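**Student:**
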Amino acid sequence: MAKPLLIKRIDLLAHPFYDPRLEQGSPPIPYNKEQAGKLLEIWKQHVDEAAKDPNRLLFISPTLRQTKWQAKLSRQLVNYARKRLGERFGFFRKQKAKFPFHDQKGFACRVFEDFTGRRFKVNPNMVKTRGFGEYTNSCVVDYLTELNLHVGLPEPIPYRNRQSAVLLRKSVGADFKPWELKELLKTAEGRRKLRENATKYILRRREKANALARKLGKKPFKPRQVRRKP
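Position in the sequence shown (from 1) plus 6 gives the number in my numbering.
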């Protein structure tokens, strides 16, 4: 019997190509078809990175709230991930779902251990998890937290541990747009805007961490005290 593959990192792409207009009171899609094409390339490049690392899994949390052109891009991304990652690719749905995990062939798994089986070995105290997608401070963090609960991380909230993180440069959010980053970094005005957005994001991140803490019955997040030199 082959020795199970040790998994050192698990990546989660939440709701790629999601259309918020299908929910009442939500804003329009924050990108056009050209920008969506750039997103597809960014996410495919991440799949390539995962494919080069034999100790990594990648899950996609799919969404049904899409236009036809968004659904087409999603299918391209999923098919690409299946081809590049094989058994190291799967789907993750909400924690309340009866079968939250599905493998690359669509086989339903009731718990995370059903997905890993005898093929993969995961140490919850050591594994790193990374989330990205749409939208940064909502579904990405929510789904990553739920994934962490399934995997068994001691601290499931991404903003409160060193095992888990959100990849801003690969996520769509109120403060950052992946297709804009390269252009903004080219000018002083662009870099100033990025710094301002980073400050806003840190505040939103703290609010989100506290909301998740309350939901999970944990103590609120306390900001670090910066000691200034006399």
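For each residue, glycine too, the CB sits at the ideal point set by N, CA and C. Quantities reported herein were computed from a predicted structural model and do not represent experimental measurements.
Would you tell me roughly how many angstroms separate the C-alpha atoms of ARG234 and ALA204, rounded to the nearest one?
**Tutor:** Within the sequence shown, numbered from 1, the residue matching residue 234 stands at position 228. Within the sequence shown, numbered from 1, the residue matching residue 204 stands at position 198. Any reading at ARG234 must be qualified, since the residue scores a pLDDT of 46, below 50, and its modelled position is unreliable; the value itself is stated next. Looking at the two C-alpha atoms, the distance is approximately 22 Å.
**Student:** Taking all protein chains shown into account, do 16 or more other C-beta atoms lie within 10 angstroms of the C-beta of LYS10, making it buried, or fewer, making it exposed?
**Tutor:** As a position in the sequence shown, residue 10 is number 4, starting the count at 1. One detail in the question is off: residue 10 reads as Pro in this sequence, not Lys. Flag for PRO10 reads exposed.
**Student:** With distances taken Cα to Cα, identify the nearest neighbour of VAL82 among LYS111, TRP49, ALA114 and GLY96.
**Tutor:** Taking the sequence shown and counting its residues from 1, one reaches residue 82 at position 76. A small correction: the amino acid at residue 82 is Gln; Val does not occupy that position in the sequence shown. The residue with the shortest Cα to Cα distance from GLN82 is TRP49.
**Student:** Verify whether the separation of the beta carbon atoms of LEU187 and ARG136 is less than 7 Å.
**Tutor:** Position 181 of the sequence shown, counting from 1, holds the residue named residue 187. Position 130 of the sequence shown, counting from 1, holds the residue named residue 136. No; because the gap between Cβ atoms is not below 7 Å, this pair is not in contact.
**Student:** Count the other CB atoms, across all protein chains shown, that sit within 10 Å of the CB of GLN51; report buried if there are 16 or more and exposed otherwise.
**Tutor:** Residue 51 sits at position 45 when you count from the first residue of the sequence shown. The residue is exposed, with fewer than 16 neighbouring Cβ atoms inside 10 Å.
**Student:** Helix, strand or coil for PHE1, going by three-state DSSP, please let me know.
**Tutor:** Residue numbering for the chain in the displayed model covers 7 to 236; residue 1 lies beyond these limits and cannot be assessed.
**Student:** Is ALA20 closer than 7 Å to TYR149 when the C-beta atoms are compared?
**Tutor:** Looking up residue 149 in the sequence shown gives position 143. Looking up residue 20 in the sequence shown gives position 14. Yes, the Cβ-Cβ distance between TYR149 and ALA20 is below 7 Å.
**Student:** Nearest to ASP59 by alpha carbon, out of ARG27, LYS39, ASP17 and LEU46?
**Tutor:** As a working mapping, residue 59 is identified with position 53 in the sequence shown. Ranking the options by Cα distance to ASP59, first place goes to ASP17.
**Student:** Using only the alpha-carbon positions, how far apart do ALA114 and PHE97 sit?
**Tutor:** Counted from its first residue, the sequence shown places residue 114 at position 108. Counted from its first residue, the sequence shown places residue 97 at position 91. Taking the straight line from one Cα to the other gives about 9 Å.
**Student:** Short of 8 Å in beta carbon distance, which residues of its chain neighbour ARG15, apart from the five on each side in sequence? Order them along the chain.
**Tutor:** Along the sequence shown, read from residue 1 onward, the residue named residue 15 stands at position 9. Hits under 8 Å: ASP59, ASN61, ARG62, LEU63, VAL133, LYS134, THR135 and ARG136.
**Student:** DSSP on ALA57, reduced to helix/strand/coil?
**Tutor:** Stepping through the sequence shown from its first residue, residue 57 is reached at position 51. Three-state DSSP puts ALA57 in a helix.
**Student:** DSSP state of LYS14, grouped into three classes?
**Tutor:** In the sequence shown, residue 14 corresponds to position 8, counting from 1. Of the three classes helix, strand and coil, the one that applies to LYS14 here is coil, per DSSP.
**Student:** Excluding five sequence neighbours on each side, which residues of the same chain lie with their C-beta closer than 7 Å to the C-beta of ARG124?
**Tutor:** Indexing the sequence shown from 1 puts residue 124 at position 118. PRO10.
**Student:** Here's the rule I'm using: 16 or more other beta-carbon atoms within 10 Å means buried, otherwise exposed. How should GLY139 be labelled?
**Tutor:** Within the sequence shown, residue 139 is the residue found at index 133, counting from 1. Flag for GLY139 reads buried.
**Student:** Verify whether the separation of the beta carbon atoms of PHE107 and PHE95 is less than 7 Å.
**Tutor:** Your numbering for residue 107 matches position 101 in the sequence shown. Your numbering for residue 95 matches position 89 in the sequence shown. No. Outside cutoff.
**Student:** Can the beta-carbon of PHE23 be found less than 7 Å from the beta-carbon of SER80?
**Tutor:** Sequence index remark: in the sequence shown, residue 23 carries index 17 (1-based). Sequence index remark: in the sequence shown, residue 80 carries index 74 (1-based). It is a contact, given that the beta carbons lie within the stated cut-off.
**Student:** Rounded to the nearest angstrom, what separates LYS104 and ASN167 at their Cα positions?
**Tutor:** What you label residue 104 is simply residue 98 of the sequence shown in a count that begins at 1. What you label residue 167 is simply residue 161 of the sequence shown in a count that begins at 1. Using only the alpha carbons, I get a separation of about 28 Å.
**Student:** Can the beta-carbon of THR142 be found less than 7 Å from the beta-carbon of LEU218?
**Tutor:** Position 136 of the sequence shown, counted from the first residue, corresponds to residue 142. Position 212 of the sequence shown, counted from the first residue, corresponds to residue 218. Their beta carbons are not under 7 Å apart, which means THR142 does not touch LEU218 by this criterion.
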